[in-house]
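Here the structure is laid out as structure tokens; the discussion comes afterwards.
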Amino acid sequence: MDRLEITLPDDFHVHLRQGPGLAAYASRSASRFGRLLVMPNVVPPLVSSRALDDYRKAVEAAIRSSPNASTVLSTFKLIPGMGADAVMDCVRAGAVAAKYYPAGATTNAQDGVPDPTVIAEELATVERAGLVLCVHAEDPAAPVMEREEAFIPVLDGIIGRYPRLRVVMEHLSSVAAVDAVLRWPGRVAATITAHHLAFTVDDLLGERLSVGFFCKPVLKTARDREALVSAATSGSPKFFFGSDSAPHSPAAKAAGAAGCYTSPLALELLAGVFDEAGALDRLEGFVSLAGAGFYGLSPNEGRLRLWRSDWTVPALLDGVEPLAAGRMLVWMAERLP
Ligand code: NCD
Ligand code: ZN
């Protein structure tokens, strides 16, 4: 197959930031995705209806001044001590998911959750309100390559203690995580990024240190990547796409910030991965149908075209070095008008 047309995809995990970059990142995402689940780790964090409203309006204004329409899905951050009322305040502002960052696990997560018992009341409220709990599943106290696996018992506890809570384990990176998601009940699903499907720790460290490939969770081994590709191409509705596109300025990247800007090339990378796995017919399920199904949304009405064609990822896009800058990709993608 050299070309295909699919339902317009959604991105169920994206960082659009704030300030000068926001308009370019939001416009870029809208050029490829029908809906954007926007992460709340801005500064100060999104923890109230007021903050959520203001942020959503800023993103919507940026999208409106771009050529493509896209729907913003809001999330808020769970902060110790915020209380059930603050959670309900965010629910009323239209949030569809609460985001759990273990304290210190990633960019802007110093104010995150040290232990789930600290936010027991907030988690019970998320469950009662029927929102999704999106979890950055890493234990920052564990060795860097083992942080995701070390967090699985914490998720076991949350899933057991809140029997109706719908949970998304975010940006899977390891065999252990894939196995856990398969073992958990149907109300637990997972996002997988394009970069964790396409690359390994060797792209980050194998030849020269290539900080463009540095993200949390860190890219893992070929064996882990194979398990992720099997999960994504399996057709299981438990696995769907979230880019975790996380742009950082060149200066921040040079100083070692975790996060890869992938919105401009994620769909092209995914097509390459699914093609190589002989599973292009499963791509639409993964990027356009499974996530919408989990969030109770109908598929988008728009369409996306993909075709086989070589191109080189530019050194700079939207003021940021994109993931895999300088590498050649073999698929292209375009949102159809
Ligand atoms: C993200 C960021 O920069 O906001 N970084 C990353 O490495 N993925 C935060 C996150 O999702 O971990
Ligand atoms: Zn993220």
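Take 16 as the starting number for the sequence shown in the numbering used here and just add one per residue. No residue lacks a Cβ here, since even glycine has one placed at the ideal position from N, Cα and C.
Cβ-heavy atom distance between residue 54 and the ligand ZN below 6 Å?
yes
According to DSSP, which residues form a beta bridge with residue 20?
320
So, helix, strand or coil for residue 303, using DSSP?
helix
Does the distance from the C-beta atom of residue 252 to that of residue 308 stay below 7 Å?
yes
Check whether the Cβ atoms of residue 99 and residue 140 sit closer than 7 Å, and answer yes or no.
yes
May I have the straight-line CA-CA distance separating residue 154 from residue 327, to the nearest angstrom?
36 Å
Excluding the 5 residues flanking residue 286 on each side, which residues of the same chain have their C-beta closer than 6 Å to its C-beta?
321, 346
At what residues does the alpha helix (DSSP H) containing residue 72 begin and finish?
64-79
Taking 6 Å as the cut-off, does the CB of residue 154 come closer than this to any heavy atom belonging to the ligand ZN?
no
Can you check the region 207-272 for any beta strand (DSSP E) of at least 3 residues that lies completely inside it and give the ranges in chain order?
254-256
Do three or more CB pairs link the region 122-137 to the region 156-165 at distances below 8 Å?
no
Got a sec: does the ligand NCD put a non-hydrogen atom nearer than 6 Å to the Cβ of residue 211?
no
Using only alpha-carbon positions, find the residue among 188, 77, 275 that is nearest to residue 43.
77
When you compare each of 302, 219, 324, 236 to residue 340 by their alpha carbons, which one comes out closest?
219
Looking only at its own chain, which residues have a Cβ that is under 6 Å from the Cβ of residue 188, when we skip the five neighbours before and after it?
163, 211, 232, 235
Would you kindly work out how many angstroms separate the C-alpha atoms of residue 88 and residue 213, rounded to a whole number?
26 Å
Could you give the C-beta distance for residue 117 and residue 151, rounded to a whole number, given that I count them as a contact under 8 Å?
7 Å
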